[in-house]
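Let me begin by presenting the structure, written as structure tokens, before commenting on it.
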Amino acid sequence: MSLKKPYLLIYNTLNALLWLRILFSLVTSPTQPPTTTYTTLEPWTRWTQTIAALEILHAATGLTRSPVFTTFTQIFARSVQVWAIDYAFADLTRVSPAYKYMLFAWSLADTIRYSYFVVLIAGVSVPGVLRWLRYSLFLFLYPIGIGSEWWLMFQATARTGSWPVQALFVFFLGLYVPGSFMMYSYMVKQRRKTLGSS
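Everything in the sequence shown is counted per the numbering used here, starting at 3 for the first residue and increasing by one.
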């Protein structure tokens, strides 16, 4: 018996629940100051996103049909964000409203994405509304998430005391334009393929 299906079911269920916990915390405390949001959710977000590094391995080994380069790009960008920006520049991130916007975009998108995969892997018919959410919400969530990531990195770039780190951050900031275009275009194609012209 293959362990692929049970493993992917557990993996995606776990990720859906972890992101749902972050999303729930955000929507139940909308007026919470950025410092409280950061203190409460930063460790959860950092480790939840770190688990997602497995997806590069899943794509590279053929465990999933995800394109390796696209998967790597998204996971790498988010890993840099949670470790090199949000965690390393805590004093800056904890006071920025952009952190909360980023978390909202990430957690809503990923709760839906992983839930979609759970239903798909379980072999159940995917509800039309879930399919539509999976392939439509990115239209506004990507700009919110990417814009927030870029702003936090931009602020960190000015605060770093090391010119090599600053140069690296400037390089990464420059990659956001082609990288964002690539990710957005990929999702638009997936949307057309899955939903047609709707």
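C-beta atoms are modelled at their ideal positions from N, C-alpha and C, and glycine is treated no differently.
Cutoff 6 Å; reference residue i; Cβ partners in own chain excluding five residues on either side
i    : result
A54  : I77
L10  : I123
Y103 : I146 and S150
Beta-carbon spacing of residue i, residue j below 8 Å
i    : j    : result
W46  : I12  : no
A79  : S150 : no
N14  : F119 : yes
Y144 : N17  : no
R133 : T37  : no
F174 : V82  : yes
M189 : T75  : no
CA-to-CA distance, residue j to residue i, given in whole angstroms
i    : j    : result
Y178 : K6   : 34 Å
W85  : M155 : 11 Å
G198 : L139 : 15 Å
W153 : W165 : 19 Å
T52  : L105 : 15 Å
V1   : K191 : Since the displayed the chain opens at 3 and closes at 200, residue 1 lies outside it and no answer follows.
Y137 : R193 : 5 Å
Residue span of the alpha helix (DSSP H) that contains residue i, given as start and end
i    : result
G149 : F140 to R161
V70  : V70 to S81
P8   : K6 to T30
G130 : G130 to R136
Y89  : Unbroken run through Y89: none, as it is neither H nor E.
T50  : P36 to I53
R67  : From DSSP, R67 is part of no alpha helix (DSSP H); its letter is neither H nor E.
Same chain, Cβ closer than 8 Å to residue i, five either side skipped, listed in chain order
i    : result
F183 : none
E57  : T66, S68, T73 and I77
V70  : I58, A61 and A62
T50  : N17, L20, W21 and I24
Proximity test, Cβ basis, 8 Å: residue i and chain C
i   : result
L20 : Given the protein chain composition of this structure (a single chain), no chain C is represented.
Neighbourhood of residue i by C-beta distance below 7 Å, restricted to the same chain and skipping five residues each side
i    : result
P180 : none
R161 : F91 and L94
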